[in-house]
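K.L.:
Questions regarding the structure given below will be posed in turn.
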Amino acid sequence: MTEEAGGSTRRAPVFFCPYCGDEELTPYEETPGAWHCAACLRAFTVRLIATGVNE
Ligand SMILES: [Zn+2]
1 MTEEAGGSTR RAPVFFCPYC GDEELTPYEE TPGAWHCAAC LRAFTVRLIA
51 TGVNE
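Number 31 in the numbering used here belongs to position 31 of the sequence shown; there are no gaps in the numbering.
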């Protein structure tokens, strides 16, 4: 896997916190692509590893 360094960071659309299910997510500035949950105060990243993959 290669991390995108610099430039425009592709942020996976996250609508719910995977830990508490809250919707109050804001970009986590210290880590590109990360999100911060205002409800449980967790910061996390979501990585898309595949799309449209046939078995
Ligand atoms: Zn949360």
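Glycine included, every Cβ here is placed at the ideal spot set by N, Cα and C.
Keep in mind it's a predicted model, so treat the numbers as computed, not measured.
Sorry if obvious, but does the Cβ on Arg47 come closer than 7 Å to a heavy atom of ligand 1?
P.N.:
No, Cβ of Arg47 sits at least 7 Å from all heavy atoms of ligand 1.
K.L.:
Is any non-hydrogen atom of ligand 2 found closer than 7 Å to the C-beta of Ala39, if you look at the structure I gave you?
P.N.:
No copy of ligand 2 appears in this structure; the ligands present are ligand 1.
K.L.:
On the CB-based measure, 16 or more other CB atoms within 10 Å of its CB, does Cys20 come out buried or exposed?
P.N.:
With fewer than 16 other Cβ atoms within 10 Å, it is exposed.
K.L.:
How is Thr45 classed by DSSP in three states: helix, strand or coil?
P.N.:
In this structure, Thr45 counts as strand in the three-state DSSP scheme.
K.L.:
Is Tyr19 near ligand 1, judged by its Cβ being under 7 Å from some heavy atom?
P.N.:
Under cutoff, so the answer is yes.
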